[in-house]
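In our numbering, the protein residues as written are 818 to 988.
Beta carbons: idealized from backbone N, C-alpha and C, even for Gly.
Keep in mind it's a predicted model, so treat the numbers as computed, not measured.
Reviewing the structure listed below.
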């Protein structure tokens with residue numbers, strides 16, 4: 818049960834995700850999404866968590882149900898949140914269920930012989946490795962970054978020979 822104000826904030830953030838997913842040049846929307854994420858603190862630090870849990874549940878479902886292209890674009894967004902939105906993002910993204918969803922999608926796409934699926938799986942494993950490395954000194958607080966990366970390293974074989982890039986690389 819979110820309040821009407823919380824529902825309005827969540828609906829606006831979902832609409833921003835939809836705009837990001839369909840934008841021809843999504844990079845400019847990353848800062849807008851991070852700003853919306855950070856503005857939830859106006860509700861109060863603790864009070865913002867239910868809205869953000871629902872928001873990341875929405876992203877998780879988009880990862881599960883989307884295409885390889887959408888998966889890659891969402892990975893760029895999640896990485897941007899990790900780098901730009903602080904502890905709340907790190908905790909919510911670092912939950913086992915969320916990271917397992919990233920792993921499951923990467924594993925699924927690693928088995929698809931199409932280059933865009935392989936690239937998405939490749940990008941996912943690389944992000945999981947970066948996140949694992951970034952949180953390696955904080956394994957007690959964030960155990961699942963390393964755990965899910967190790968599972969990916971052992972179980973996902975990507976046959977992608979290109980260099981990930983294009984407008985969705987986040988670089």
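- The beta-carbon distance between residue 951 and residue 966, rounded to whole angstroms, is 11 Å. This is too long to meet the 8 Å contact definition.
- Excluding sequence positions up to five before and after residue 963, its CB lies within less than 8 Å of the CB of 949, 952, 953 and 956, all in the same chain and listed in chain order.
- A residue is called buried when at least 16 other Cβ atoms come within 10 angstroms of its Cβ; residue 885 meets this threshold and is buried.
- Within the segment 827 to 869, the complete alpha helix (DSSP H) runs of at least 4 residues fall at 844 to 856.
- Between the alpha carbons of residue 823 and residue 902 lies a gap of roughly 19 Å.
- Residue 845 and residue 837 have their alpha carbons spaced roughly 9 Å apart.
- Contact annotation, residue 975 with residue 927: C-beta distance approximately 5 Å; criterion of less than 8 Å satisfied.
- Inside the segment 902 to 987, DSSP marks no whole beta strand (DSSP E) run of 3 or more residues.
- A distance below 8 Å separates the beta carbons of residue 918 and residue 880.
- In this model, residue 818 and residue 937 are separated by some 35 Å (Cα to Cα).
- Residue 841 counts as exposed, since fewer than 16 other C-beta atoms from the protein chains shown sit within 10 angstroms of its C-beta.
- Residue state for residue 884 is assigned as coil, using DSSP reduced to three classes.
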